[in-house]
Amino acid sequence: MDSSRYPDGDFLILLLYVDDMLIVGHDTKKIAALKTDLSKSFSMKDLGPAKQILGMKIFQDRKNKKLWLSQEKYIEKVLNKFNMSKAKPAGTPLASHFKLSTEQCPASKEEAEYMKNVPYASAVGSLMYAMVCTRPDIAHAVGVVSRFLSNPGKQHWAAVKWIFRYLRGGAISWKSKLQKSVSLSTTEAEYVALSEAGKEIVWMKTFFEELGLKQERFVLFCDNQSAIYLSKNPQFHSRTKHVDLRYHWIRDAIEEKVLDVEKVHTDDNSSDTMLGFLKQRNGEHFGRKMMKNRS
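Start counting the sequence shown at 1023; every next residue gets the next number (the working numbering).
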């Protein structure tokens, strides 16, 4: 992105992956000029307004300024590839009865030989691509099954197939990961998560400002009242004095009004779908909230 190219401060964004390209900008004349410049050096085919990129379909509602990404065809292809297209749909990414561990890795030569013929790594890789592009709701489940890539067992494979069943049946930015540090309380764990999410908000704020889209307010929601209190109260707390100092930057961000933190009820906290196993009712509820359908 280079705003210095135009005296009026306008800019174009060019997204390039191998031989697939998207150009984003406010001025269609400038976009056309860039296409002309590029075509002088590269063999190009202009496909018009973006409708697809890297296997993702793009749907736009310009009037209401909305955009959707869909991998429906990709997921159908993957389900057919792994013979899951006719499997019974599941209501959650991974059911609570899956207690996966290394103890379920092959313990006999027979099972090890059987698993050699199971496309475990390929299946997990296919799930990862869907997860990264359009399906953050399966992030936790994919993270769990990916831990056993080196030596998967039958139970691990059953869990992978369960995720496929769920896919058969929308977030802008998201993350699901294990914390590097060991938290000694729920409050500490939530506070660390607040700090990590806050960093993402700061990045988004800066990015939006570069696009000329100044947001009046950024709100970070948390379902732990103690963590919210800790983020807004810089006083000494004996129970949390051991928390790494780097996480306390969130207090400065709140004080400087870079962002704000508010309470959200646990039943309305969509991010819980990326933290652990959910009951079917909760899984379906959060899934609908995260994966916004066109209507």
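Ideal placement from N, C-alpha and C gives every residue a C-beta, glycine not left out.
For residue i, which residues in the same chain have their Cβ closer than 8 Å to its Cβ, ignoring the five residues on either side in sequence?
| i | result |
| --- | --- |
| methionine 1150 | Val1164, Ser1168 |
| aspartate 1282 | Arg1239, Phe1240, Val1241, Leu1242, Ile1276 |
| lysine 1057 | Ile1045, Met1066, Asp1068 |
| aspartate 1042 | Ile1075, Leu1076 |
| alanine 1152 | Gln1093, Tyr1096, Ile1097, Val1100, Ile1160, Leu1189 |
| arginine 1268 | Ser1217 |
If we ignore side chains and look at the alpha-carbon of each, how far apart do residue i and residue j end up?
| i | j | result |
| --- | --- | --- |
| glutamate 1277 | aspartate 1068 | 48 Å |
| glutamate 1284 | isoleucine 1250 | 7 Å |
| alanine 1335 | tyrosine 1142 | Examination of residue 1335 is not possible in this model, given that the chain is present from 1023 through 1317 alone. |
| alanine 1180 | cysteine 1155 | 24 Å |
| arginine 1190 | lysine 1279 | 43 Å |
| lysine 1108 | glutamate 1098 | 11 Å |
| valine 1166 | histidine 1178 | 9 Å |
| valine 1114 | tyrosine 1188 | Reading off the sequence, residue 1114 comes out as threonine, not valine. Computed Cα separation, rounded: 6 Å. |
| alanine 1055 | leucine 1034 | 11 Å |
| glutamate 1132 | serine 1123 | 19 Å |
| lysine 1087 | leucine 1038 | 23 Å |
| histidine 1162 | tryptophan 1225 | 23 Å |
| isoleucine 1223 | asparagine 1139 | 44 Å |
So, residue i versus residue j, is the Cβ gap smaller than 8 Å?
| i | j | result |
| --- | --- | --- |
| isoleucine 1185 | leucine 1116 | yes |
| arginine 1273 | serine 1253 | yes |
| isoleucine 1244 | valine 1286 | Strictly speaking, residue 1244 in this sequence is cysteine, with isoleucine absent from that position. Against a cut-off of 8 Å, the Cβ pair of valine 1286 and cysteine 1244 comes out as a contact. |
| serine 1092 | lysine 1079 | yes |
| phenylalanine 1120 | alanine 1145 | no |
| lysine 1227 | glutamine 1237 | yes |
Excluding five sequence neighbours on each side, which residues of the same chain lie with their C-beta closer than 7 Å to the C-beta of residue i?
| i | result |
| --- | --- |
| asparagine 1334 | Limits of the chain in this structure are 1023 at one end and 1317 at the other, which puts residue 1334 out of reach. |
| asparagine 1173 | Cys1127, Pro1128 |
| leucine 1216 | Leu1242, Cys1244, Ala1249, Ser1253, Ile1272, Val1283 |
| aspartate 1049 | Asp1032 |
| leucine 1060 | Met1066 |
| alanine 1072 | Leu1044, Ile1080 |
Please work out which residues of its chain come closer than 6 Å, Cβ to Cβ, to residue i, disregarding the five sequence neighbours upstream and downstream, and give them in chain order.
| i | result |
| --- | --- |
| lysine 1110 | none |
| glycine 1175 | Gln1126, Cys1127, Pro1128 |
| phenylalanine 1170 | His1178 |
| alanine 1379 | There is no way to answer for residue 1379, as the model of the chain reaches only from 1023 to 1317. |
| leucine 1089 | Gln1082 |
| methionine 1106 | Phe1186 |
Check for me: the alpha helix (DSSP H) holding residue i runs from which residue to which?
| i | result |
| --- | --- |
| lysine 1087 | First-last for lysine 1087: undefined, no H or E at that position. |
| leucine 1189 | 1176–1190 |
Give the range of the beta strand (DSSP E) segment to which residue i is assigned.
| i | result |
| --- | --- |
| glutamate 1284 | 1282–1285 |
With a cut-off of 8 Å, does the C-beta of residue i fall near any C-beta of chain D?
| i | result |
| --- | --- |
| isoleucine 1250 | Any reference to chain D falls outside this structure, which holds one protein chain only. |
| field | Every unbroken beta strand (DSSP E) within the stretch 1204–1258, with a cutoff of 3 residues, ordered by chain | value | Qualifying beta strand (DSSP E) stretches, in chain order: 1241–1244.
| message | As an exercise, report each continuous beta strand (DSSP E) stretch of at least 3 residues that is fully enclosed by the stretch 1067–1131, in chain order. | response | For the stretch 1067–1131, the continuous beta strand (DSSP E) assignments of 3+ residues that do not extend past its boundaries occur at 1078–1083, 1088–1092, in sequence order.
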